[in-house]
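Going by our numbering, the first residue of the sequence shown is number 249, and it counts up by one from there. Each residue gets a CB set at the ideal place from its N, CA and C atoms; glycine is no exception. Following: one structure in structure tokens, then a few remarks.
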Amino acid sequence: MQAGRGVLIVGEASNGGLGPTTAELLAAGRALLRDLEGELTVGLVGHNLAMAAETAIQAGADRVYTVDDALLQDLPADLCLSALAELYQTVTPEVILIARTAWGREVAPRLAGRLGVGLLQDCLEVGIEADSGRLTALRPVCGGNFLARVRCTGSPQMAALRPQTYAPLTPEPGRRGEVVAVPVALDASQVRARVVRRVRHEHSGVSLTEARVVISGGRGLGGPEPFRDLEELAGTLGAAVGASRAAVDAGWVPGYWQIGLTGATIAPELYITVGISGASQHMAGCSGAKVIVAINTDAEAPIFREARYGVVADWQAVLPAFMEAVRSL
Ligand SMILES: Cc1cc2nc3c(=O)[nH]c(=O)nc-3n(C[C@H](O)[C@H](O)[C@H](O)COP(=O)(O)OP(=O)(O)OC[C@H]3O[C@@H](n4cnc5c(N)ncnc54)[C@H](O)[C@@H]3O)c2cc1C
249 MQAGRGVLIV GEASNGGLGP TTAELLAAGR ALLRDLEGEL TVGLVGHNLA
299 MAAETAIQAG ADRVYTVDDA LLQDLPADLC LSALAELYQT VTPEVILIAR
349 TAWGREVAPR LAGRLGVGLL QDCLEVGIEA DSGRLTALRP VCGGNFLARV
399 RCTGSPQMAA LRPQTYAPLT PEPGRRGEVV AVPVALDASQ VRARVVRRVR
449 HEHSGVSLTE ARVVISGGRG LGGPEPFRDL EELAGTLGAA VGASRAAVDA
499 GWVPGYWQIG LTGATIAPEL YITVGISGAS QHMAGCSGAK VIVAINTDAE
549 APIFREARYG VVADWQAVLP AFMEAVRSL
């Protein structure tokens, strides 16, 4: 494999615009370039990418490469791989960063396989090791109980980052950069899996992963009904409602409410947990929260090690008073 230069962000376009994780990866890539030489480029595959490409420049990219084709409209993994492999040959970066979104989870390992290199998976932070100049990353292991520092050995060096672990750079509306269309002859017969139906999560109000305030309930709520109280409180606060896996597994709330290692990753300004013990697998999804508030009857619950403010009490006593106070404010 030839030695590359710079950082290639495998970006994502959504609804004609740039997906939020691409701006986060640009911040990570820009930080890496303090210790690497070369440009910060974004590779976009999909269809009608002009606006997303422009936004990527404003979000910090020096150059954007696009493979824009109607066949890529639904992002079929097989064709995306051909397009990404071609982008790699065009850009020849030293480092490739991709977000660990649903699409990223599908294509990142396959792209690594195609390039014959390893992939640092589920990274919370990436850096360049001073002595070796290799890409290193911090990633949760053993169900989130430990963090391991791992290092890339192949070339190009490749990492998949967990969403919401880097704050995007401040966008610069007048920023200029080149957008390069990469011609790739795609073969529709290569598609082995097709999207047959898309099911949208019905949710009114704020999305869990973008909310500035999130209120979550756990097994300590005792059943599905108290989640209606959390929804009411969330409505007053302009917040989103989440849950622990125990509440999801009990069938009290839908699976897409789950926060944690095997659920959503959130990074709100304020995270209020009610009847959640704070197991490491739950905390793996909310370690980016700025302020955690916990309501729990057990003073020894691990959540109190993470919470800035805690109430050791039955939620049934605390929540009505809290809701009243919020309403009056
Ligand atoms: C591979 C793997 C992946 C996992 N992924 C996830 C994940 O993504 N997300 C996740 O959440 N979990 C995940 N888990 C499960 C995790 O280990 C915990 O089992 C789970 O988070 C516990 O949920 P909980 O805190 O609601 O329940 P519990 O641990 O049972 O805690 C309930 C809490 O409520 C308190 N309580 C009880 N009654 C009241 C009351 N009346 N008022 C106030 N507090 C009360 C109790 O003191 C207790 O601390 C995973 C586990 C594994 C092995």
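For ligand 1, the residues with a Cβ under 5 Å from any of its heavy atoms are, in chain order, Gly391, Gly466, Arg467, Gly468, Ser492, Arg493, Ala494, Gly508, Leu509, Thr510, Gly511, Gly523, Ile524, Ser525, Ala527, Gln529, His530, Asn544, Thr545, Asp546, Ala549, Asp562 and Trp563.
In this model, Val398 and Leu577 are separated by some 47 Å (Cα to Cα).
Counting only the Cα atoms, Phe552 lies some 35 Å from Trp351.
Taking C-alpha positions only, Gly267 is separated from Gly471 by approximately 35 Å. By the criterion of a C-beta distance shorter than 7 Å, Ala549 is surrounded in its chain by Ser525 and Gly526, once the five residues flanking it on both sides are discounted. By the beta-carbon neighbour count (other beta carbons within 10 angstroms, threshold 16), Arg575 is exposed. Within the model, the alpha-carbon separation for Thr289 versus Gly490 is close to 35 Å. Of the residues Ala307, Asp562 and Ile543, the one whose Cα lies closest to the Cα of Pro421 is Ala307. Thr413 sits in coil when the DSSP states are folded into three classes, being neither helix nor strand. In this structure, Pro341 and Pro404 form a Cβ contact; the two beta carbons are roughly 6 Å apart against a cut-off of 8 Å. Secondary-structure assignment with DSSP links Phe394 through a beta bridge to Val389. With distances taken between CA atoms, Leu509 lies nearest to Ala494 out of Val501, Val439 and Ala494.
Sequence-distant partners of Trp505 (beyond 5 residues in either direction) whose C-beta falls short of 6 Å from its own C-beta, in its chain, are Gly490 and Ala491. In the pairwise beta carbon analysis, the segment 436-443 is classified as touching the segment 321-328: at least three pairs are separated by under 8 Å. Scanning the segment 529-564 for uninterrupted alpha helix (DSSP H) segments of 4 residues or longer gives 551-554, listed from N- to C-terminal end.
Using a 10 angstroms sphere on the CB of Val462, the tally of other CB atoms reaches 16 or more, which defines it as buried. Val293 has its alpha-carbon roughly 19 Å from the corresponding atom of Gly254.
In the DSSP assignment, Thr314 falls outside any alpha helix (DSSP H) and within the unbroken beta strand (DSSP E) covering Arg311 to Asp316.
With 16 or more other Cβ atoms from the protein chains shown falling within 10 Å of its own Cβ, Met531 counts as buried.
Ile463 is bridged by DSSP to Val489 and Ile520. Scanning Cys534, Ile305, Tyr313 and Ser528 for the CA closest to the CA of Ile520 turns up Cys534. Secondary structure of Cys371 (DSSP, three-state): strand. In the DSSP annotation of this structure, the continuous segment of the beta strand (DSSP E) that includes Leu288 starts and ends at Leu288 to Gly294. Under the DSSP assignment, Leu320 falls outside any beta strand (DSSP E); it carries neither an H nor an E label. In this chain, Ile305 is not harboured by any beta strand (DSSP E); it is covered by the alpha helix (DSSP H) spanning Ala298 to Gln306.
Setting aside the 5 residues that flank it on each side, Gln321 is surrounded in the same chain by Gly294 and His295, each with a C-beta closer than 8 Å to its C-beta; the list follows chain order. DSSP, read as helix, strand or coil, puts Ser437 in helix. Within a 10 Å sphere around the beta-carbon of Ser380 sit fewer than 16 other beta-carbons, which makes this residue exposed.
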